[in-house]
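Student:
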Amino acid sequence: MEIHEIRKQNYRTLLQQFRARAEEVSLPEHGMLKRFAEHAGVSARYLSHINNDRKHIGVTLARQMEVGLGLSRGWLDSHHADAAQPSDGETEFLSVAQRLFRESPSDAQAMLMRYMLSRIEAKAPAKPTLLAPKDAK
Numbered sequence: 011m012e013i014h015e016i017r018k019q020n021y022r023t024l025l026q027q028f029r030a031r032a033e034e035v036s037l038p039e040h041g042m043l044k045r046f047a048e049h050a051g052v053s054a055r056y057l058s059h060i061n062n063d064r065k066h067i068g069v070t071l072a073r074q075m076e077v078g079l080g081l082s083r084g085w086l087d088s089h090h091a092d093a094a095q096p097s098d099g100e101t102e103f104l105s106v107a108q109r110l111f112r113e114s115p116s117d118a119q120a121m122l123m124r125y126m127l128s129r130i131e132a133k134a135p136a137k138p139t140l141l142a143p144k145d146a147k
């Protein structure tokens, strides 16, 4: 597979993920490409050309998108098809956690930390005691 095909495949995956997140917060499909372009820091018109196979994602655009989307340098150049896709439950959990965090970051963090620590403590093995039970001889 050529580099421009890898980049386009990764771009489509990113756009699909962006659309899924937007649907979770009830954003309309209309204008989705423009919102993604703004988020990525690139031209919506150029992305439209890429979608219609009139243009390829070159080095400069790939690096711009990586910076705009907070990806590591060269991310668009590598295969990511093997990356595990989140389950529906995981996606729902992350969406709810994100909404909670955006409403009240400190409360959400404290609440989640208390819950996670309680789960870890509940699964911790019983601590050994130095004294034998009274029944044992």
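Here the sequence shown stands for residues 11 to 147, where the numbers follow this note's numbering. Ideal placement from N, C-alpha and C gives every residue a C-beta, glycine not left out.
(1) For the alpha helix (DSSP H) containing PRO38, name the first residue and the last one.
(2) Thinking VAL77 and GLY51 are a contact (beta carbons under 8 Å), I'd like their distance in whole angstroms, please.
(3) Looking at ASP87 and ILE13, is the spacing between their C-beta atoms short of 8 Å?
(4) Return helix, strand or coil for VAL77, following the three-state DSSP convention.
(5) How would you label ALA132, buried or exposed, when you count the other beta carbons within 10 angstroms and need 16 or more for buried?
(6) In this structure, does DSSP put SER53 in helix, strand or coil?
(7) On a CA-only basis, which of SER53, LEU104, LEU127, ASP117 is nearest MET75? Give me that one, please.
(8) Less than 8 Å between C-beta atoms, sequence neighbours within five positions excluded: which residues of the same chain meet that for ARG45?
(9) Measure the alpha-carbon distance for THR101 versus LEU24 and round it to whole angstroms.
Tutor: Working from what's here:
(1) Per DSSP, PRO38 belongs to no alpha helix (DSSP H) and is neither H nor E.
(2) Under the criterion of beta carbons closer than 8 Å, VAL77 and GLY51 qualify as touching, at roughly 7 Å.
(3) Cβ distance < 8 Å, so ILE13 and ASP87 count as in contact.
(4) Under the three-state reduction of DSSP, VAL77 is assigned to helix.
(5) By the 10 Å Cβ count, ALA132 comes out exposed.
(6) In the structure shown, SER53 adopts coil according to DSSP, grouped into three states.
(7) Of SER53, LEU104, LEU127, ASP117, the residue nearest in Cα terms is SER53.
(8) Beyond the five residues adjoining it in sequence on each side, ARG45 comes within less than 8 Å, by CB distance, of PHE28, ALA32, LEU37 in the same chain, given in chain order.
(9) The C-alpha of THR101 lies about 15 Å from the C-alpha of LEU24.
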